[in-house]
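Visitor:
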Amino acid sequence: MNYDMQNTKSIMITNRNITKQIIVSEISHIVCDAYLCDIFAQNEKFTCSKLLKYFEMELADYGFIRINHDILVNARYIKCINNKTRIVILKNDTELRISVRRWKFFKKIIMNL
Numbered sequence: 018m019n020y021d022m023q024n025t026k027s028i029m030i031t032n033r034n035i036t037k038q039i040i041v042s043e044i045s046h047i048v049c050d051a052y053l054c055d056i057f058a059q060n061e062k063f064t065c066s067k068l069l070k071y072f073e074m075e076l077a078d079y080g081f082i083r084i085n086h087d088i089l090v091n092a093r094y095i096k097c098i099n100n101k102t103r104i105v106i107l108k109n110d111t112e113l114r115i116s117v118r119r120w121k122f123f124k125k126i127i128m129n130l
């Protein structure tokens, strides 16, 4: 996949009274806890009150993959995958578990990249 499209795309994140523009290429992963999403981008964490489904639909064309019910990962930041434990290790050494339901879909997408 060509990740150059990520450099031109940005999203607006609003948290309380602050709105911040984040370039998609800087986002490593997004974690959702109920109605709050934590966006991890270049050593920063932003919280907003949007559903993960919103980000999944908005960022699907830019190489983001949903690996379980609560996590969306930027494929650009995947360093390695442990096939036995179904764990994705990102370039910043964050370990995230892939759900059993998403495992086959995830492998299929990764093989096509």
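Position 69 (the sequence shown) corresponds to 86 in our numbering; numbering is contiguous.
We put the beta carbon where it would ideally sit given N, CA and C, even for glycine.
Could you have a look at I110 and say whether DSSP puts it in helix, strand or coil?
Guide: Note on identity: in this sequence residue 110 is Asp, with Ile being the wrong assignment. Coil, per DSSP.
Visitor: With a 10 Å radius around its C-beta and 16 neighbouring C-beta atoms as the bar for buried, classify C49 as buried or exposed.
Guide: Buried, since its Cβ has 16 or more Cβ neighbours within 10 Å.
Visitor: By DSSP, does R103 sit in helix, in strand, or in coil?
Guide: Note: R103 maps to coil in three-state DSSP.
Visitor: Do Q23 and S45 have their beta-carbon atoms positioned less than 7 Å apart in this structure?
Guide: No; because the gap between Cβ atoms is not below 7 Å, this pair is not in contact.
Visitor: Going by other Cβ atoms of all chains shown within 10 Å of its Cβ, with 16 needed for buried, is Y52 buried or exposed?
Guide: Y52 comes out exposed.
Visitor: Using three-state DSSP, classify Q142 as helix, strand or coil.
Guide: Residue 142 lies beyond the residue range present for the chain, which begins at 18 and ends at 130; the question has no answer from this structure.
Visitor: Got a sec? Which residues, its chain only, sit under 6 Å from C97 by beta carbon, not counting five neighbours each side?
Guide: Here the set comprises I106.
Visitor: If I follow the unbroken alpha helix (DSSP H) through K7, where does it start and stop?
Guide: Past the edges of the chain, shown from 18 to 130, lies residue 7, and the structure says nothing about it.
Visitor: State the DSSP-derived secondary structure class of D50, mapped to helix, strand or coil.
Guide: Of the three classes helix, strand and coil, the one that applies to D50 here is strand, per DSSP.
Visitor: Does the CB of K124 have a neighbour CB from chain B at under 7 Å?
Guide: No chain B appears in the structure shown, which is made up of a single protein chain.
Visitor: I need the DSSP call for K26, collapsed to helix, strand or coil.
Guide: The answer is coil: DSSP assigns K26 none of H, G, I, E or B.
Visitor: Would you grab the beta carbon distance between I84 and R118 for me? Rounded to a whole angstrom, and I think it's under 8 Å.
Guide: Between R118 and I84 the Cβ distance is about 10 Å, and since that is not below 8 Å, they are no contact.
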